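Colleague:
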Ligand SMILES: Nc1ncnc2c1ncn2[C@@H]1O[C@H](COP(=O)(O)OP(=O)(O)OP(=O)(O)O)[C@@H](O)[C@H]1O
Ligand code: SF4
Ligand SMILES: [Mg+2]
């Protein structure tokens, strides 16, 4: 395998549910072992991209344009057989709610074994069992041999999410997609699960696409962050630059809406005023224009793709990216202090 | 554990008591005089009055009920007003015929419903619509009409199967009774002529009887399966690389089947009510046809015994369903030795 090969390469992806286009041309490139975060308001299309990559869109959803390559191999989403061979092997998925993500009437051992057996048909029962125990040990489930015969309801939320991670890393995939993996967990467990995920992917060299609402988690865990708005990636930036180099007003607004220490103390939270346009009626030009206080006339005419820093893969879709970034630099210092 | 058993037993007893009281009162409230049936239309009024006295029909209802229930519990189910036969004996003799019919109908209903519902929810589209139509038609089809149609098509028309004349051809000896099922007993006895004849005679009435519970099950299973298909764990299983069909069989059907067990009582009820009509049409020597005769002749004892027996079976079915669910649903299963550490 070519070392320069991308773990995940999404080119100009478009996805529609029925007649409604909800992913409107998305490009995402992930290096092997790289951890990228996707953030954005509810409905911006994060889960749709994740499921689209898996080829598991809900009924009515389909990829209408673009191409996806995983581990250097272009994926043909018409070929169910090849897709089944790819799912769980080249790319795997961790879902939000660990309880509803496990079959309630099958034992944990059974559900882990399923992930192994499918891609290793020659493995004996004994070997599969050993591998399952090994996986549970790796994700820190105590007494793994004894726990194999238990059922999801006998596990705690954190333990269930560990099981799902074990399933996701069972075949050493090139890419792991995690859609809000910790949202359903309490704060302490969240931190533990993220730490575990971090050490595992680090060790195994798995690239991660982490979908989340939590910029704090992204800042801690990811190398790069992609900000989605109304079915497009409006900015991608290295995590270390996000606080003082944000070049898109929406990114800046997201950061602004983070509860700073001072604001938390006063119990006040800033929200981005207004709401995203309905996907049936996205304005031409910049979709953020109706909510943007930087907006100028040409914003509602055509979108603007700007490369802020080619070296750092920093891009932003904004006519006034440079000015916005300058403002970020000013505000950034204070904010970083507040979050440190 | 003990407590839930006690609670269950209590509710069983209350259900049976209520069923017995309601049926007792309703039967006594219908017009007509069973004493007249006993003595015949030509007897004098004095003779009728004497019989009424003798049967205890003049006692207050609570007294009648008490007498009836104590006798019933001691195994004395009364005798038929019309022909003097002992009701318990009649029912015991006719029970196996009904059980065999109902058992085969149940098998047909479950297997057909599983296949139809699974294919329908897996393929959706046209299959889904067809299965929905089938279910609606099936639920609305009176078993006696269907029974007649089956006879007309398969027996009179195509001549494939025997007509409606009981469990076995007149010239064949019933096999020695072991289970009471002619098909199974014939196999035990190695009598394949009797086996094939008994089976051939079972097919049409069993199919007629299977339609309502089958349609009910199709509807239930399709609804359950489409609900389970929405569950996130199905996507997770698919994300492991498991094909859609295997995922459906292994996870969707399994999850959809469990809640279906809870409707065992309803299924049984459709089988009991259906058997009354189907047995009458097919001249099936079971309890259902006995009931029809009993009603026509105002045979309190026969009708009452039928109702009590049905209620008992219904309660039993629900109880068995509960126990079965605890066995097969890991969420309800009580682990031996308590919760594991
Ligand atoms: N099954 C579906 N059928 C039709 N439309 C859908 C379906 N799933 C999502 N959508 C639409 O697609 C758009 C993107 O939804 P998606 O779930 O990807 O957003 P998201 O960014 O993951 O949001 P959240 O943060 O709430 O998870 C939304 O407009 C949503 O209404
Ligand atoms: S393009 Fe215009 S409207 Fe859109 S974010 Fe930039 S300034 Fe605001
Ligand atoms: Mg989502």
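Chains as they are written, first to last, in our numbering: chain A, 1 to 340; chain B, 1001 to 1341.
Glycine included, every Cβ here is placed at the ideal spot set by N, Cα and C.
Predicted model, so just to flag it, every value in this text is computed and none were measured.
#1: DSSP three-state call for residue 41/A: helix, strand or coil?
#2: Give a yes or no on whether 8 Å exceeds the smallest Cβ distance from residue 1238/B to chain A.
#3: Under 8 Å by Cβ, that's how I've got residue 196/A and residue 170/A pegged, so tell me the actual separation to the nearest angstrom.
#4: Just list the beta strand (DSSP E) runs in the region 62-105 of chain A, keeping only unbroken ones of 3 residues or longer that don't cross its boundaries, in chain order.
#5: Quick check on residue 1224/B: buried or exposed, where buried means 16 or more other Cβ atoms within 10 Å of its Cβ?
#6: Contact defined as beta carbons within less than 8 Å: I believe residue 1236/B pairs with residue 47/A. What is the distance between those atoms, to the nearest angstrom?
#7: What's the call for residue 1067/B, buried or exposed, on a 16-neighbour Cβ count within 10 Å?
#8: Taking residue 219/A as the reference, give the member of 206/A, 241/A, 235/A and 228/A with the closest Cα.
#9: Along the region 1316-1335 of chain B, what residues have a CB closer than 8 Å to any CB found in chain A?
#10: Consult DSSP for residue 1004/B and reduce its assignment to one of helix, strand or coil.
#11: Is the number of C-beta pairs between the region 37-44 of chain A and the region 214-230 of chain A that are closer than 8 Å three or more?
#12: Please identify the residue among 1151/B, 1043/B, 1284/B and 1106/B whose C-alpha is closest to the C-alpha of residue 1211/B.
#13: What residue range is occupied by the uninterrupted beta strand (DSSP E) comprising residue 228/A?
#14: Given a cut-off of 8 Å on the beta-carbon distance, is the pair residue 164/A and residue 221/A in contact?
#15: Kindly list the residues whose CB is nearer than 8 Å to the CB of residue 89/A, restricted to its own chain and excluding five residues on each side of it in sequence; keep chain order.
#16: In terms of alpha-carbon separation, which member of 149/A, 11/A, 145/A and 137/A lies closest to residue 200/A?
#17: Hey, out of 308/A, 287/A and 71/A, whose CA is closest to residue 298/A's CA?
#18: For ligand 1, any of its heavy atoms closer than 7 Å to the Cβ of residue 1277/B?
#19: List, in order along the chain, the chain B residues whose C-beta lies closer than 9 Å to that of residue 85/A?
#20: Can you list, in chain order, the residues of its chain with a C-beta nearer than 8 Å to that of residue 1255/B? Leave out the 5 residues immediately preceding and following it.
#21: Nearer than 7 Å: is that true of the beta carbon of residue 214/A relative to any heavy atom of ligand 3?
#22: Does the contact criterion of 3 or more C-beta pairs under 8 Å hold for the region 1045-1054 of chain B versus the region 1027-1036 of chain B?
#23: Below 8 Å on the Cβ atoms is my contact criterion, and I expect residue 1314/B with residue 1241/B to pass it. Report the Cβ-Cβ distance as a whole number of Å.
#24: Pick helix, strand or coil for residue 195/A, following the three-state DSSP scheme.
#25: So is the beta-carbon of residue 343/A under 7 Å away from any non-hydrogen atom of ligand 3?
#26: Please give the ranges of any beta strand (DSSP E) in the region 1130-1181 of chain B, keeping only runs that are unbroken, at least 3 residues long and fully inside the region.
#27: Is the CB of residue 69/A under 8 Å away from at least one CB in chain B?
#28: Please list the segments of the alpha helix (DSSP H) lying wholly inside the region 1047-1110 of chain B, counting only runs of 4 or more residues, in order along the chain.
#29: Determine, using beta carbons only, whether residue 224/A and residue 34/A come nearer to each other than 8 Å.
#30: Between residue 151/A and chain B, is the shortest Cβ-Cβ distance under 8 Å, so that the two count as touching?
#31: If you count every other CB in all the chains shown that lies within 10 Å of the CB of residue 944/B, and 16 or more means buried, which is it?
#32: List, in chain order, every chain A residue whose beta-carbon is nearer than 9 Å to that of residue 1223/B.
#33: For residue 1318/B, does the count of other Cβ atoms within 10 angstroms reach 16, so buried, or fall short, so exposed?
#34: Closer than 7 Å between beta carbons: that is the criterion. Which residues of the region 38-71 of chain A meet it against chain B?
#35: In the DSSP assignment, find the unbroken beta strand (DSSP E) run with residue 285/A in it and report its ends.
#36: Measure the CB-CB distance between residue 17/A and residue 61/A and report whether it falls below 8 Å.
Modeller: Working from what's here:
#1: On the first chain, residue 41/A is found 41 positions in, with the first residue counted as 1. Coil, per DSSP.
#2: By one-based count along the second chain, residue 1238/B stands at place 238. It does: the Cβ of residue 1238/B has a partner Cβ on chain A nearer than 8 Å.
#3: For the purposes of this step, residue 196/A is taken as the residue at position 196 of the first chain. For the purposes of this step, residue 170/A is taken as the residue at position 170 of the first chain. Not confirmed; about 15 Å, so no contact.
#4: 91-94
#5: In the second chain, the residue the question calls residue 1224/B occupies position 224. By the 10 Å Cβ count, residue 1224/B comes out buried.
#6: Within the second chain, residue 1236/B is the residue found at index 236, counting from 1. Within the first chain, residue 47/A is the residue found at index 47, counting from 1. Not really, about 14 Å apart at Cβ, beyond 8 Å.
#7: The residue labelled residue 1067/B in the question sits at position 67 within the second chain. By the neighbour-count rule (16 or more Cβ atoms within 10 Å), residue 1067/B is not buried but exposed.
#8: As a first step, residue 219/A is located in the first chain; it is residue number 219 there, counting from the start. It is 241/A whose Cα lies nearest to the Cα of residue 219/A.
#9: 1329, 1330 and 1331
#10: Numbered from its first residue, the second chain carries residue 1004/B at position 4. Looking at residue 1004/B - three-state DSSP - the assignment turns out to be helix.
#11: yes
#12: For this step, residue 1211/B is matched to residue 211 along the second chain. When each option's Cα is compared against that of residue 1211/B, the closest is 1106/B.
#13: In the first chain, counting from the first residue as 1, residue 228/A sits at position 228. It spans 224-229 - the beta strand (DSSP E) in which residue 228/A sits, taken as one unbroken run.
#14: Numbered from 1 along the first chain, position 164 holds the residue referred to as residue 164/A. Numbered from 1 along the first chain, position 221 holds the residue referred to as residue 221/A. Result no, Cβ atoms of residue 164/A and residue 221/A do not sit closer than 8 Å.
#15: On the first chain, position 89 is the one that residue 89/A refers to. Sequence-distant partners of residue 89/A (beyond 5 residues in either direction) whose C-beta falls short of 8 Å from its own C-beta, in its chain, are 119, 171 and 173.
#16: As a first step, residue 200/A must be located in the first chain, where it is residue number 200. For the residues 149/A, 11/A, 145/A and 137/A, the minimum Cα distance to residue 200/A belongs to 137/A.
#17: Taking the first residue of the first chain as position 1, residue 298/A is located at position 298. Checked all of 308/A, 287/A and 71/A; the closest Cα to residue 298/A is 287/A.
#18: The residue given as residue 1277/B occupies position 277 in the second chain. Because no heavy atom of ligand 1 lies under 7 Å away, the Cβ of residue 1277/B does not count as near it: no.
#19: Residue 85/A sits at position 85 when you count from the first residue of the first chain. Going along chain B in sequence order, the residues near residue 85/A (Cβ under 9 Å) are 1241.
#20: Here the question's residue 1255/B lines up with position 255 in the second chain. For residue 1255/B, where only same-chain residues beyond five positions count, the Cβ hits under 8 Å are 1224, 1228 and 1231.
#21: For this step, residue 214/A is matched to residue 214 along the first chain. A distance criterion of 7 Å places the beta-carbon of residue 214/A beyond contact range of ligand 3, judged by its closest non-hydrogen atom.
#22: yes
#23: Here residue 1314/B refers to the residue found at position 314 of the second chain. Here residue 1241/B refers to the residue found at position 241 of the second chain. About 46 Å separates the two Cβ atoms, so there is no contact after all.
#24: The residue given as residue 195/A occupies position 195 in the first chain. In this structure, residue 195/A counts as helix in the three-state DSSP scheme.
#25: Outside the shown range of chain A (1 to 340) lies residue 343/A, about which nothing can therefore be said.
#26: none
#27: As a first step, residue 69/A must be located in the first chain, where it is residue number 69. No, because no Cβ of chain B sits closer than 8 Å to the Cβ of residue 69/A.
#28: 1061-1073
#29: Taking the first chain and counting its residues from 1, one reaches residue 224/A at position 224. Taking the first chain and counting its residues from 1, one reaches residue 34/A at position 34. Yes, Cβ-Cβ distance for residue 224/A and residue 34/A is below 8 Å.
#30: Here residue 151/A corresponds to residue number 151 of the first chain, with the count starting at 1. Yes - at least one Cβ of chain B is within 8 Å of the one on residue 151/A.
#31: Nothing about residue 944/B can be reported from this structure: the residues present for chain B run from 1001 to 1341 only.
#32: What you label residue 1223/B is simply residue 223 of the second chain in a count that begins at 1. Those within 9 Å of residue 1223/B in chain A number zero; the least Cβ separation is about 17 Å.
#33: In the second chain, the residue the question calls residue 1318/B occupies position 318. Under this definition residue 1318/B is a buried residue.
#34: 54 and 56
#35: Within the first chain, the letter at position 285 stands for residue 285/A. No beta strand (DSSP E) contains residue 285/A, which DSSP labels as neither H nor E.
#36: As a first step, residue 17/A must be located in the first chain, where it is residue number 17. As a first step, residue 61/A must be located in the first chain, where it is residue number 61. It is a contact, given that the beta carbons lie within the stated cut-off.
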